[in-house]
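Novice: Reading the sequence shown from the start, the letters are residues 1 to 578 in the UniProt record's numbering. Here a beta-carbon is modelled for each residue, glycine too, at the ideal position from N, C-alpha and C. One structure follows; several queries about it will come next.
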Amino acid sequence: MVKFSVGKLPYFEKWIILGTLIGIVVGLFSIAFTILLDFFQLLFIHIILHISYPKPLGEGGNLRIPPFHPNFLIPAIVGLGGLIAGIIIYRISPETAGGGVDFAITVYHELQGKMRKRVAFVELFTSTIILGSGGSAGDLGPMGLIGGSLASTIAQLFDLTPEDMRRAVAVGIGSGVGAIFKAPIGGALLSAEILYRRDLEPDVILPSMISSAIAYSIYGSYVGFQPIFGLYPFQFSPLRLPFYALLGVIIGLFSILFVKIYSTITLVFKKMKIRNEIKPAIGGVLVGLLILIFPEVMGTGYGWDNLLEFGVIPFSSLPCIFLLLVGLVKMLASSLTIGSGGSGGIEAPAFEIGAFIGASYGLIVHDLFPNVVPVIAPFVVIGMLTMFGAPAKAPLSVMVIITEMTSSLQLLPGEMIAVALAYVISGKYTLYPAQYPTRRDSPAHRSEYEVPIMENIKVSEVPFTELRINENENVTNAKKLMEEEGYLSLPVVDNEGNFVGAVFYRDIVNKQGKVIEYTVRGIPYVTPNSNIENAWEIITRTKSRWVAVVEKGKLIGVVTLDDLFNVYERELKKVHKD
């Protein structure tokens, strides 16, 4: 009775209840995520390796770079984390391999919002193990998948429709992001924007606002409500807008490079002829070797983002080149961590990559125009936003997320210009291959748009019927064939198989002679590349039960009315199933 009543409630009442439930559960899991991550970091990073890396101000960090003493156990520990996670992932829940959010998007579009209940628990442990052992990844992706999985479980418990289960998954994604980033508004918007490259899902925004606010409140009650990157203290200047625009162009190009590196490494690991469980360990060892040279690429990188924002730069004789190099190495490290099949988010690495590229660019314009650009902070923040917003195809929500994470609107005009340019330049390149271009393209909405099914089916997809009569045959044979096959007309061919026209029963019923004498020429036909809408129109117009299929003048068969009905019914069932 409870399942039925909740599912049948009006939209607003239903999603107030479901949004509240999803928010509570996701908020509690966000706390569990942080507790587990702190535990594994304490175990692997501090106790075993005796090293530390900076934390952001909102997580108890400061603006000092901690000393780093290379520990040659780092590759082994990062690899061990990958091995443990890999075994759990591929033996219990292979869906949790990779970035997390991309699978949640797939579930929304193609799996009717259904996830196995184990996904949230496996993702919780494997992603915190990967991150806690020093893997170069983030927490947004895991929490997005955890939120989507928990929401899917709740939707299945209440026996919701496929449409509502899809919505629940999107709401769960937004709740997880809103909580872990302490950005409830941005999380709610992300749930609608992350599903498509050029579109939004408006129906999920209201329930996501409720769910994300509740998840954020519960999570913040445990970790505090300070914005992750502290308070952005600098003032906006319109004189810097041209520099922000150029940064958007630069980041747009680098985002294409990032997507290509990530997708290439992912493909390389998929093609490796070794056990899947071992692949994250290999990726971890390689990342560990990079950490020995560039410790900045360890973990999420939020602490480094914050340091760069306030002008605290690692020592280097060539800081601009060094900062750019770290950004490129972070692309490689995060791609190895996640592309090898490890469990972690690609979003935090995008933030750090953008921060380092933005800092490098900021130093250059600061040296050239010190009065206009007194600090590099705005370029760091805008770099972070743009490097994620453009390849994630979520410029609006990420802009709001960064605003909430820095607790400042000072950079909003510059952010808008930079992310818009980067979004356009990055084009089709996306960190989430599961995204569909628009709602019209998604299987979740296929039946909602007035695109006739028959326009999307080619004649070549319909089985051809062999039906013909030679022009030199006697009309007696034509009448006999029509009576046997149940047709009132036949397609006529010459000796070479060329389509000539059609002969009708009414014209030969009491006649003698050859078929050619009674053949009607100029009969319309279709080709294999025509759609079945064309075939239907011809059959209707000619009042026949077939239409000739002609290729290069030759008759290759006919498509009958019954065949068209069968194919149409098959495709219609697919639409309703989706």
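#1: Please list the terminal residues of the continuous beta strand (DSSP E) segment that includes residue 489.
#2: Classify residue 502 as helix, strand or coil using the three-state DSSP reduction.
#3: Quick one: what's residue 282 bridged to in DSSP?
#4: Just to confirm the assignment, what range does the beta strand (DSSP E) spanning residue 547 have?
#5: Which of the three DSSP states, helix, strand or coil, is assigned to residue 555?
#6: Please report the residue range of the alpha helix (DSSP H) in which residue 156 lies.
#7: Roughly how many whole angstroms lie between the Cα atoms of residue 335 and residue 300?
#8: If I measure Cβ to Cβ from residue 90 and keep anything under 6 Å in the same chain, skipping five residues before and after, which residues do I get?
#9: Using CA coordinates, which residue listed in 466, 327, 513 is at the minimum distance from residue 472?
#10: Could you tell me how far apart the beta carbons of residue 145 and residue 96 are, in whole angstroms, since I believe they sit closer than 8 Å?
#11: Which residues does DSSP list as the beta-bridge partners of residue 98?
#12: In this structure, does DSSP put residue 526 in helix, strand or coil?
#13: Whose C-beta lies closer than 7 Å to the C-beta of residue 88 among residues of the same chain, with five residues either side of it excluded?
#14: Rounding to the nearest angstrom, what Cα-Cα distance links residue 478 and residue 573 in this structure?
#15: Could you say which of 568, 468, 330 lies nearest to residue 498 if we only look at CA atoms?
#16: Taking C-alpha atoms, which residue in 171, 228, 217, 200 lies nearest to residue 207?
#17: Kindly provide the ranges of any alpha helix (DSSP H) runs that are 4 or more residues long and lie completely inside the segment 363–440, ordered along the chain.
#18: With DSSP as the reference, label residue 469 as helix, strand or coil.
#19: Classify residue 321: buried if its beta carbon has 16 or more other beta carbons within 10 angstroms, exposed otherwise.
#20: Buried or exposed: which applies to residue 14, given that a residue is buried once 16 or more other Cβ atoms fall within 10 Å of its Cβ?
#21: Per the contact definition of three or more C-beta pairs closer than 8 Å, is the segment 135–149 in contact with the segment 362–379?
#22: Decide yes or no for the touch test of the segment 403–420 against the segment 191–207: beta carbon pairs closer than 8 Å, at least 3 of them.
#23: Drop a sphere of 10 angstroms on the beta-carbon of residue 69, count the other beta-carbons inside from all chains shown, and report buried for 16 or more, exposed for fewer.
#24: Since residue 391 contacts residue 258 with CB under 8 Å, what's their CB separation in whole angstroms?
#25: Alpha helix (DSSP H) containing residue 184: first to last residue?
#26: Alpha carbon to alpha carbon, how far is residue 109 from residue 11? Give it in angstroms, no decimals.
#27: Going by CA-CA distance only, name the one from 463, 93, 239 that's closest to residue 565.
#28: Between the Cα of residue 115 and the Cα atoms of 77, 155, 174, 130, which residue gives the shortest distance?
#29: With a Cβ-Cβ cutoff of 8 Å, do residue 382 and residue 411 count as a contact?
#30: Roughly how many angstroms separate the alpha carbons of residue 251 and residue 73, rounded to a whole number?
Specialist: Taking the structure as given:
#1: 489–493
#2: strand
#3: DSSP, once it has assigned bridges, lists no residue as partnering residue 282.
#4: Where residue 547 is concerned, the enclosing beta strand (DSSP E) stretches over 546–551.
#5: strand
#6: 140–157
#7: 13 Å
#8: Non-local beta-carbon contacts of residue 90 in its own chain, meaning distances under 6 Å to residues more than five positions away in sequence, involve 276, 277 in chain order.
#9: Per the Cα distances, 513.
#10: 7 Å
#11: For residue 98, which the question treats as bridged, DSSP gives the partners 343.
#12: strand
#13: 122, 125, 126
#14: 38 Å
#15: Closest by alpha carbon: 468.
#16: Minimum Cα distance to residue 207 is reached at 171.
#17: 377–389, 395–406, 412–426
#18: strand
#19: exposed
#20: buried
#21: Inter-segment contact for the segment 362–379 and the segment 135–149 is absent: fewer than three beta-carbon pairs are separated by less than 8 Å.
#22: no
#23: Answer is exposed; the Cβ neighbour count stays below 16.
#24: 6 Å
#25: 184–193
#26: 21 Å
#27: The shortest Cα separation from residue 565 among 463, 93, 239 belongs to 463.
#28: 155
#29: yes
#30: 34 Å
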